[in-house]
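Engineer: Residue numbers for the sequence shown follow the numbering used here, so the first one is 5 and each next one is one higher.
We put the CB at the ideal spot given by N, CA and C, even for glycine.
Model, not experiment: these values are computed from the prediction.
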Amino acid sequence: MIHRKINIKVKLASLAICTVLLTSGCNDEDFLTQVNPNTITNQTFWKTTKDFQSALTTVYGALQFQSISGNGLIEDEIMADLGGTESWYRPYAYRNFTFNDASEAVTNKWANLYTGIFRANQVIEKIQSADPSIFAAGEKESIEGQARTLRAFFYFLVANTYGGAVIHTEVPQTKADFNVKFSSIAEVNSQIIIPDLEFAKANLPETWSGKDLGRVTWGTATSILGKVYLFDKQWGPAATEFKSVIDSGVYSLTANIMDNFDEEHEFNSESILEVAYSATENPGANGSNVDDTPYAAGAEASNLAVGLAQLNYGGFNTILPSYFLHELYTNDAVDVTNPINTTNLQSKRLTATIAPKNLEGQYYLRNVAELKGWGYGQSAYVKKYTNWYHLANEDGNSRSGINCRQIRLADVYLMYAEAILNSTGDVNEAIKYIDFVRTRAGVITLKQYLATNSNTFPQLHISKEVHGNQPLVPPTKENVLTHIHRVERPLELAFEGHRWKDLVRWGIAKSVFTELLADENWRVKNFTTIANKAPLYIIERIRDDFKNAAVTYTPAKNDYFPIPSVERQTNSQLNN
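#1: With a 10 Å radius around its C-beta and 16 neighbouring C-beta atoms as the bar for buried, classify ALA465 as buried or exposed.
#2: So, do the region 262-269 and the region 226-245 have three or more beta carbon pairs nearer to each other than 8 Å?
#3: Name the two residues that bound the continuous alpha helix (DSSP H) containing ILE147.
#4: Excluding five sequence neighbours on each side, which residues of the same chain lie with their C-beta closer than 8 Å to the C-beta of LEU154?
#5: Using the beta-carbon count (16 or more within 10 Å), is HIS330 buried or exposed?
#6: Beta-carbon within less than 7 Å of SER576's beta-carbon, same chain only, minus the 5 sequence neighbours each way: which residues are those?
#7: Which first and last residues belong to the alpha helix (DSSP H) in which VAL127 is found?
#8: On the three-state DSSP scale, how would you describe CYS542?
#9: Are the CB atoms of GLU544 and TYR380 nearer to each other than 7 Å?
#10: Go through its chain and collect everything with a Cβ distance to ALA337's Cβ below 7 Å, but skip five positions before and after it.
#11: Assign ALA109 to buried or exposed, taking buried as 16 or more other Cβ atoms, counted over all protein chains shown, within 10 Å of its Cβ.
#12: Is it right to say ASN371 is buried, meaning 16 or more other beta carbons lie within 10 angstroms of its own, or is it exposed?
#13: Going by other Cβ atoms of all chains shown within 10 Å of its Cβ, with 16 needed for buried, is ALA554 buried or exposed?
#14: Scan the region 512-540 and note each continuous alpha helix (DSSP H) run of 4 residues or more that stays entirely inside, going in chain order.
#15: Can you name the residues that DSSP bridges to SER306?
#16: Should the region 186-195 be called in touch with the region 203-210, which here means at least 3 C-beta pairs below 8 Å?
#17: Which residues bound the beta strand (DSSP E) around ALA359?
#18: Let me make sure I understand the geometry here. Which of GLN350, LEU332 and THR334 has the alpha-carbon closest to that of VAL340?
#19: Count the other C-beta atoms from every protein chain shown that fall within 10 angstroms of the C-beta of LYS215, then say buried if there are 16 or more, exposed otherwise.
#20: Could you tell me the boundaries of the alpha helix (DSSP H) in which ALA259 lies?
#21: Determine contact between the region 399-414 and the region 343-359, defined as no fewer than three beta-carbon pairs at a distance below 8 Å.
#22: From this set, THR211, THR102, LEU315 and ASN473, which residue's C-alpha is nearest ASN335's C-alpha?
#23: Just verifying my parser: in three-state terms, what is the DSSP assignment at ILE78?
#24: State the Cα-Cα distance for the pair PRO95 and PHE320, rounded to the nearest angstrom.
#25: For the region 82-94 against the region 507-517, are there 3 or more C-beta pairs whose distance is under 8 Å?
#26: In angstroms, rounded to a whole number, what distance separates the CA positions of TYR93 and ILE78?
#27: Would you kindly report the start and end of the unbroken beta strand (DSSP E) that includes ILE276?
#28: Measure the alpha-carbon distance for ASN397 versus SER326 and round it to whole angstroms.
#29: For ALA97, I'd like the list of residues in its chain whose CB is within less than 6 Å of its CB, leaving aside the five on either flank, ordered along the chain.
#30: For PRO136, count neighbouring C-beta atoms within 10 Å of its own C-beta (all shown protein chains included) and say buried if the count is 16 or more, exposed if not.
#31: Should the region 110-117 be called in touch with the region 563-573, which here means at least 3 C-beta pairs below 8 Å?
#32: Grab the span of the beta strand (DSSP E) containing ALA384 for me, first residue to last.
#33: According to the Cβ coordinates, are GLN463 and VAL477 closer than 7 Å?
#34: If you follow the alpha helix (DSSP H) that ILE438 is in, where does it begin and where does it stop?
#35: Given this structure, state the Cα-to-Cα distance separating LYS130 from GLU81, to the nearest angstrom.
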């Protein structure tokens with residue numbers, strides 16, 4: 005069974021892909037019994053390294069699916085505490101947990117992830133029986149290691165989106181092969197993900213160069229393995245994997261956080277797993293279509309930017325920064341002694357992530373005096389992953405060439421800090437890596453707070469607008485973990501697709517929603533006293549982001565997407 009991929013062009017490698025020549029019908033029965041020499045089959049494919057490299061490129065291509073690395077990330081973010089939306093937008097059902105097993109995001113993500121798994125399975129299965137003489141030294145292991153890293157990543161997303169997975173390790177040959185039971189996250193980890201990543205770690209290089217830049221590496225496999233252990237609360241093994249990535253010397257934080265969200269600094273020193281997009285390949289194709297079909301060429305572009313951008317500048321702003329996130333950024337106080345700060349009064353990661361009414365710098369090539377919007381309760385718009393820095397408007401064809409950084413070093417630093425706190429309780433080690441991230445953002449570090457506040461630091465996630473002040477707390481294991489959960493990860497990683505899975509694995513979604521609903525109700529009650537005033541400058545109304553979510557959400561029902569109804573209809577084992 006061959007997956008046929010036509011004319012895919014991805015920036016990560018200029019590898020040729022096989023073209024399938026389709027023949028029309030004919031009444032000559034003798035002709036129909038002959039083998040078409042132009043047709044790709046299992047007998048004619050998988051014969052050369054070029055065949056395997058071409059097939060491997062289609063596995064990388066599956067990363068481009070919008071539900072994995074594009075506009076589909078909005079549904080992941082909208083369920084958490086960092087984003088709000090309006091009732092007339094598609095993500096509203098996810099904000100309020102009223103989606104079901106036939107909802108678009110639920111079915112698309114499952115289908116896209118299993119397409120990636122199917123493609124990876126082809127490569128892994130066929131390379132076992134390939135003639136070893138066709139490969140250069142180490143090439144066979146490298147191809148398999150890349151395919152297994154990508155398969156592990158797809159399965160990690162399936163398992164932690166749906167609460168488990170249907171395990172396929174071989175390409176199905178019969179209808180019965182599709183009827184497989186649903187396995188738990190633990191089973192998926194032990195049977196697929198961990199063995200795949202251990203193989204990859206042993207067979208992938210630390211770096212690639214030239215046309216191969218952007219392929220998965222030893223660091224990619226090791227970082228994903230660390231996440232698997234972290235999500236499973238195996239704190240010691242998680243810390244070990246993350247520290248090996250940190251100590252490898254391969255990666256370093258970029259000088260400017262914004263370098264992680266534009267086209268000019270792709271595959272930079274911080275990048276560990278990055279999905280390639282292009283705004284110029286296949287011009288005219290809509291960015292929503294990244295995979296070739298019989299009817300249209302894939303765009304190879306992302307449509308994420310158009311979903312995030314402000315409406316007046318060619319986007320749809322289907323996700324808006326929550327008041328919690330907006331105020332969190334205003335609480336991210338600039339360190340005036342840090343040379344990264346020049347004339348700015350707002351943190352570097354505020355400027356890289358959101359566009360409030362009083363933003364510093366530009367948004368879609370306009371200064372603040374020229375900007376439109378920020379009405380009807382919308383206090384800020386999303387800036388991260390939009391084309392604000394080089395376009396006056398988003399492309400009407402939903403095309404963006406900004407790569408999606410699925411894993412970067414700052415994320416690994418924060419995951420390591422969390423793992424080390426839970427495994428050894430070493431607060432100083434955790435603060436060290438938290439402060440690396442804070443220093444790059446140009447904000448006051450935890451160490452600085454402790455030095456000037458009698459060994460205490462403020463709970464920056466507490467709304468000063470609502471509560472008047474932020475309690476000072478000592479640097480205990482619990483308080484530093486709360487800082488990671490409620491301050492550092494949301495500030496650093498907002499709108500990168502991590503937040504909902506974080507809240508679920510920590511088990512704090514319900515308490516967070518309840519807290520933010522109370523803040524929301526306070527703002528409604530006291531609106532006349534806070535209207536159009538710092539820190540949020542809200543006008544006209546208070547948007548009700550948590551009014552329904554705090555009531556509707558229940559962990560057992562909403563922590564994971566339901567198995568899509570179409571999958572239940574075709575797989576009899578899912579109804580047992």
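Structural biologist: The structure says:
#1: What sits at residue 465 in the sequence shown is His, not Ala. By the neighbour-count rule (16 or more Cβ atoms within 10 Å), HIS465 is buried.
#2: By the criterion of at least three beta-carbon pairs nearer than 8 Å, the region 262-269 is not in contact with the region 226-245.
#3: 143-166
#4: VAL63, TYR64, ALA66, LEU67, GLY120, ALA124 and VAL220
#5: buried
#6: ASN183
#7: First-last of the alpha helix (DSSP H) with VAL127: 108-132.
#8: As written in the sequence, residue 542 is Ile, which differs from the Cys given in the question. In the structure shown, ILE542 sits in coil (DSSP, three-state: anything other than H, G, I, E or B).
#9: Contact flag set, yes.
#10: VAL447 and ILE448
#11: With a 10 Å radius around the Cβ and a threshold of 16 neighbouring Cβ atoms, ALA109 comes out buried.
#12: exposed
#13: buried
#14: 513-529 and 531-534
#15: Residue pairing from DSSP places SER306 in a beta bridge opposite SER404.
#16: no
#17: It spans 358-360 - the beta strand (DSSP E) in which ALA359 sits, taken as one unbroken run.
#18: By alpha-carbon distance to VAL340, the top candidate from GLN350, LEU332 and THR334 is GLN350.
#19: exposed
#20: It is not in any alpha helix (DSSP H) - ALA259 carries neither H nor E in the DSSP assignment.
#21: no
#22: ASN473
#23: helix
#24: 11 Å
#25: yes
#26: 11 Å
#27: 275-279
#28: 23 Å
#29: So the list reads PHE103, once near-sequence residues are dropped.
#30: exposed
#31: yes
#32: 384-386
#33: Contact: yes.
#34: 431-445
#35: 37 Å
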